[in-house]
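Colleague: One structure is given below, represented as structure tokens, and several questions about it will come after.
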Amino acid sequence: MSTPINHGLVEFRSSPIHGHGGFAAQHVLPGTRLIEYLGERIDKAEAHIRCEAGNPFIFYIDEESDIDGNVEWNPARWFNHSCTPNCEAESDDGRIWIVALRELATGEEITFNYGYDLADYRAAPCRCGTPACVGFIVAEEHFDQVRLENPARACAQ
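Going left to right, the sequence shown walks through residues 274 to 430 as this note's numbering numbers them.
Next up, the structure:
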């Protein structure tokens, strides 16, 4: 993605956090659905196979199925993780939406917490750079444990 791509409320371009990212194309109010996370609906067995093969775009839907967002027509796959996110992923009747948690300024990078568990968390370093960064991409409920295990690794000291 060498030139910015505008997708309604979101513009996709190079990110200072990592690779590509999504940025607010205009002022956004809290609670706004910015974009749907799209992809192929797959069962848990297939999701496991694709995760083991290194696909980072698998998104949990429910106990039976996931979405593989590693498709050209899913620009939402470019949103980056943050330990202090300004958006969240919201499930609604089997669909995943990226929703603003607070007001977003035009040009602000859109982030959400990927919610990773602790399995192999050290393989997923975080580059969000926020004052609350724990140094790894994990769900917020794991922040305290990760900070205890890695006091020198956390972005914020």
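Think of the CB as a built atom: it goes at the ideal place given N, C-alpha and C, for glycine as much as any other residue.
What's the C-alpha gap between T403 and C356?
Modeller: Taking the first residue of the sequence shown as position 1, residue 403 is located at position 130. Taking the first residue of the sequence shown as position 1, residue 356 is located at position 83. So the two alpha carbons sit approximately 7 Å from each other.
Colleague: Consult DSSP for P398 and reduce its assignment to one of helix, strand or coil.
Modeller: Taking the first residue of the sequence shown as position 1, residue 398 is located at position 125. Note: P398 maps to strand in three-state DSSP.
Colleague: Determine whether the beta carbon atoms of T384 and F352 lie at a separation below 9 Å.
Modeller: Taking the first residue of the sequence shown as position 1, residue 384 is located at position 111. Taking the first residue of the sequence shown as position 1, residue 352 is located at position 79. Contact: yes.
Colleague: If you draw a straight line from the alpha carbon of I308 to that of P398, how long is it in whole angstroms?
Modeller: As a position in the sequence shown, residue 308 is number 35, starting the count at 1. As a position in the sequence shown, residue 398 is number 125, starting the count at 1. Approximately 26 Å, taken between the alpha carbons.
Colleague: Suppose the cutoff is 7 Å on Cβ atoms and the five residues either side in sequence are ignored; what does the same chain contact list for C360 look like?
Modeller: The residue given as residue 360 occupies position 87 in the sequence shown. Excluding positions up to five away in sequence, the list reads L307, I371, V372, A373, L374, I383, T384, F385.
Colleague: By the three-class DSSP mapping on this structure, what secondary structure does I334 have?
Modeller: Looking up residue 334 in the sequence shown gives position 61. Reduced to three states, the DSSP call for I334 is coil.
Colleague: Tell me the DSSP secondary structure of D390 in three-state form.
Modeller: Walking along the sequence shown from the start, residue 390 turns up at place 117. In the structure shown, D390 adopts coil according to DSSP, grouped into three states.
Colleague: Do you know whose CA, among E422, S288, E319, lies nearest H354's CA?
Modeller: Position 81 of the sequence shown holds residue 354. Closest by alpha carbon: S288.
Colleague: Sort out for me which residues DSSP pairs S287 with in a bridge.
Modeller: Residue mapping note: residue 287 aligns to position 14 of the sequence shown, counting from 1. DSSP output for S287 lists H293 as bridge partner(s).
Colleague: Of all the options S338, A392, H293, which has the alpha carbon lying nearest to the alpha carbon of D366?
Modeller: Position 93 of the sequence shown, counting from 1, holds the residue named residue 366. It is S338 whose Cα lies nearest to the Cα of D366.
Colleague: Please report the straight-line C-alpha distance between I340 and C324, rounded to a whole angstrom.
Modeller: Your numbering for residue 340 matches position 67 in the sequence shown. Your numbering for residue 324 matches position 51 in the sequence shown. Going from the Cα of I340 to the Cα of C324 covers about 12 Å.
Colleague: Taking the C-alpha atoms as reference points, what is the distance between G408 and Y387?
Modeller: The residue given as residue 408 occupies position 135 in the sequence shown. The residue given as residue 387 occupies position 114 in the sequence shown. Using only the alpha carbons, I get a separation of about 14 Å.
Colleague: Measuring only the C-alpha atoms, how far is E313 from G342?
Modeller: Taking the sequence shown and counting its residues from 1, the one referred to as residue 313 is at position 40. Taking the sequence shown and counting its residues from 1, the one referred to as residue 342 is at position 69. Going from the Cα of E313 to the Cα of G342 covers about 7 Å.
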